[in-house]
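Asks: So for the sequence shown, the numbering used here puts the first residue at 2; every next one is plus one.
Each residue gets a CB set at the ideal place from its N, CA and C atoms; glycine is no exception.
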Amino acid sequence: MNLILFGPPGAGKGTQAKLICDQFDLNQISTGDLLRNEVKMKTDIGKVIDETISKGDFATDEIVNELIKNVVFDPIKKNKLIFDGYPRSLNQAKNLDLLLNSSKQKIDYIFFLNVKKDTIIKRIEKRKILEKRADDNLNTILKRYDTYMETTKPVLDFYKKDSGFNEIDGNQEIGDIFIEIKGILSNISN
Ligand code: AMP
Numbered sequence: 002m003n004l005i006l007f008g009p010p011g012a013g014k015g016t017q018a019k020l021i022c023d024q025f026d027l028n029q030i031s032t033g034d035l036l037r038n039e040v041k042m043k044t045d046i047g048k049v050i051d052e053t054i055s056k057g058d059f060a061t062d063e064i065v066n067e068l069i070k071n072v073v074f075d076p077i078k079k080n081k082l083i084f085d086g087y088p089r090s091l092n093q094a095k096n097l098d099l100l101l102n103s104s105k106q107k108i109d110y111i112f113f114l115n116v117k118k119d120t121i122i123k124r125i126e127k128r129k130i131l132e133k134r135a136d137d138n139l140n141t142i143l144k145r146y147d148t149y150m151e152t153t154k155p156v157l158d159f160y161k162k163d164s165g166f167n168e169i170d171g172n173q174e175i176g177d178i179f180i181e182i183k184g185i186l187s188n189i190s191n
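#1: DSSP puts residue 83 in a beta bridge; with which residues?
#2: In chain order, what residues of the same chain have a beta carbon less than 7 Å from the beta carbon of residue 65, not counting five sequence neighbours either side?
#3: From residue 113 to residue 158, what does the alpha carbon distance come to, in whole angstroms?
#4: Identify the continuous beta strand (DSSP E) that holds residue 211 and give its terminal residues.
#5: Between residue 106 and residue 28, how many whole angstroms is the CB-CB distance? I'm expecting something under 8 Å.
#6: For the ligand AMP, I want to know if residue 73 counts as a neighbour, meaning its beta carbon is within less than 7 Å of at least one of the ligand's heavy atoms.
#7: From the DSSP output, in three-state form, read off residue 175 for me.
#8: Need the endpoints of the alpha helix (DSSP H) that residue 69 sits in, please.
#9: When the Cα atoms are used, what is the spatial distance from residue 166 to residue 186?
#10: Mind checking whether the beta-carbon of residue 164 lies closer than 7 Å to any heavy atom of the ligand AMP?
#11: Since residue 171 and residue 178 should fall inside the 8 Å C-beta cutoff, what is the C-beta to C-beta distance between them, to a whole number of angstroms?
#12: May I ask you to check if the CB of residue 58 is nearer than 7 Å to at least one heavy atom of the ligand AMP?
#13: What does the alpha-carbon distance come out to for the pair residue 117 and residue 101?
#14: So, using beta-carbon positions, are residue 120 and residue 59 closer together than 8 Å?
#15: For residue 115, does the three-state DSSP call read helix, strand or coil?
#16: Residue 151: buried (16+ other C-beta within 10 angstroms of its C-beta) or exposed?
#17: Starting from residue 55, follow the alpha helix (DSSP H) in both directions and report where the run begins and ends.
#18: Considering only residues of the same chain and omitting the five flanking positions on each side of residue 97, which have a CB-CB separation below 6 Å?
#19: Give the DSSP bridge partners of residue 110, in chain order.
#20: Between residue 20 and the rest of its own chain, which residues show a CB-CB distance below 6 Å, the 5 nearest in sequence each way excluded?
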C-alpha cells in the first residue's frame with residue numbers, strides 16, 4: 002500500500018505520517034527531510050537548496066524528482082511508501098505517476114489534510130519553540146502558505162478525481178485526525 006499525505010505546510014502531515022508508519026509498517030518519505038539532509042551534508046546541491054528553502058521558496062522539480070527516484074526504486078521500501086510533502090506541483094505529480102508505473106506500483110490512498118491558515122500559523126509558532134527549524138519564522142510561514150496555494154492547488158484538483166482521495170478536517174487534534182485516517186485504512190488492510 003502506498004499513500005500520499007497532502008496539505009499546506011503545518012497541516013500535520015509529518016506527524017500523521019509517523020503515526021501511520023508505526024501502525025501499518027510503512028516508510029515515511031519526506032521531501033523536506035531529504036532536502037534538509039542534503040543541506041546538512043553540505044553537498045553542492047545542498048548549498049542551492051539551503052538558499053531556496055530559507056527564503057520560503059520551493060526547491061526545483063528537477064532536484065526533488067531526482068531525490069524521490071532513489072526511494073521509489075528501493076526494493077525494501079517498495080509498496081510501503083507514505084509520501085509526505087510530495088508531490089507539490091503538477092510536474093512532480095506526473096513524475097511520480099511515471100516512476101510508480103515503471104516500478105509496477107500505484108498510489109492507493111491520498112489524504113488531504115485541509116486546515117485553516119490561522120491553525121497553521123499557531124502550530125508553526127509552537128513548533129518553532131520545540132524544534133527551532135531555521136525556516137520557521139512568520140514571514141517564511143506566510144510565504145510558504147502562499148506558495149502552496151499557488152503551486153499545489155492544481156495538484157489537489159488532479160488527485161480529487163482519484164477513487165482513493167479522502168479529505169480530512171486537519172483542524173482537529175492530532176489523535177482525532179489519526180483515528181479518522183486509521184478507520185479508512187483499517188477497512189481495507191485488515
Ligand atoms: P516540509 O518539511 O515538507 O515543510 O518542507 C520544507 C521546505 O522544503 C518547503 O517549504 C520547500 O521549500 C521544500 N520542499 C519540501 N518538499 C518539496 C517538494 N516536494 N518540492 C519542492 N520543495 C519542497
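Replies: Per the coordinate set shown:
#1: The residue you call residue 83 lines up with position 82 of the sequence shown. Partner(s): 4, 29.
#2: For the purposes of this step, residue 65 is taken as the residue at position 64 of the sequence shown. Only 32, 87, 93 meet the Cβ criterion.
#3: Residue mapping note: residue 113 aligns to position 112 of the sequence shown, counting from 1. Residue mapping note: residue 158 aligns to position 157 of the sequence shown, counting from 1. Taking the straight line from one Cα to the other gives about 11 Å.
#4: What the structure shows of the chain is the stretch from 2 to 191, and residue 211 is not part of that stretch, so it cannot be assessed.
#5: Here residue 106 is taken as the residue at index 105 of the sequence shown, counted from 1. Here residue 28 is taken as the residue at index 27 of the sequence shown, counted from 1. In fact, because the Cβ distance is near 13 Å, the residues do not count as touching under 8 Å.
#6: Indexing the sequence shown from 1 puts residue 73 at position 72. No - the ligand AMP has no heavy atom lying nearer than 7 Å to the Cβ of residue 73.
#7: For the purposes of this step, residue 175 is taken as residue 174 along the sequence shown, with counting starting at 1. In the structure shown, residue 175 sits in a helix (DSSP, three-state: H, G or I).
#8: The count along the sequence shown starts at 1 and reaches residue 69 at position 68. 62-73 is the span of the alpha helix (DSSP H), which, as asked, contains residue 69.
#9: The residue given as residue 166 occupies position 165 in the sequence shown. The residue given as residue 186 occupies position 185 in the sequence shown. Residue 166 and residue 186: Cα-Cα distance of roughly 12 Å.
#10: Working through the sequence shown from its first residue, we reach residue 164 at position 163. For the ligand AMP, not one heavy atom lies less than 7 Å from the Cβ of residue 164.
#11: Translated into positions along the sequence shown, residue 171 becomes position 170. Translated into positions along the sequence shown, residue 178 becomes position 177. 6 Å between Cβ atoms; contact.
#12: As a position in the sequence shown, residue 58 is number 57, starting the count at 1. Because some heavy atom of the ligand AMP lies under 7 Å away, the Cβ of residue 58 counts as near it: yes.
#13: The count along the sequence shown starts at 1 and reaches residue 117 at position 116. The count along the sequence shown starts at 1 and reaches residue 101 at position 100. So the alpha carbons of these two residues sit roughly 31 Å apart.
#14: Translated into the one-based positions of the sequence shown, residue 120 becomes position 119. Translated into the one-based positions of the sequence shown, residue 59 becomes position 58. Cβ distance not < 8 Å, so residue 120 and residue 59 don't count as in contact.
#15: Numbered from its first residue, the sequence shown carries residue 115 at position 114. DSSP places residue 115 in strand when its eight states are reduced to three.
#16: What you label residue 151 is simply residue 150 of the sequence shown in a count that begins at 1. Exposed, because fewer than 16 other Cβ atoms sit within 10 Å of the Cβ of residue 151.
#17: The residue given as residue 55 occupies position 54 in the sequence shown. Taken as a continuous stretch (DSSP letters only), the alpha helix (DSSP H) holding residue 55 covers 45-56.
#18: Along the sequence shown, read from residue 1 onward, the residue named residue 97 stands at position 96. Counting only Cβ-Cβ distances below 6 Å, and skipping sequence neighbours, we find 88.
#19: Along the sequence shown, read from residue 1 onward, the residue named residue 110 stands at position 109. In DSSP, residue 110 forms a bridge with 4.
#20: In the sequence shown, residue 20 corresponds to position 19, counting from 1. By the criterion of a C-beta distance shorter than 6 Å, residue 20 is surrounded in its chain by 179, once the five residues flanking it on both sides are discounted.
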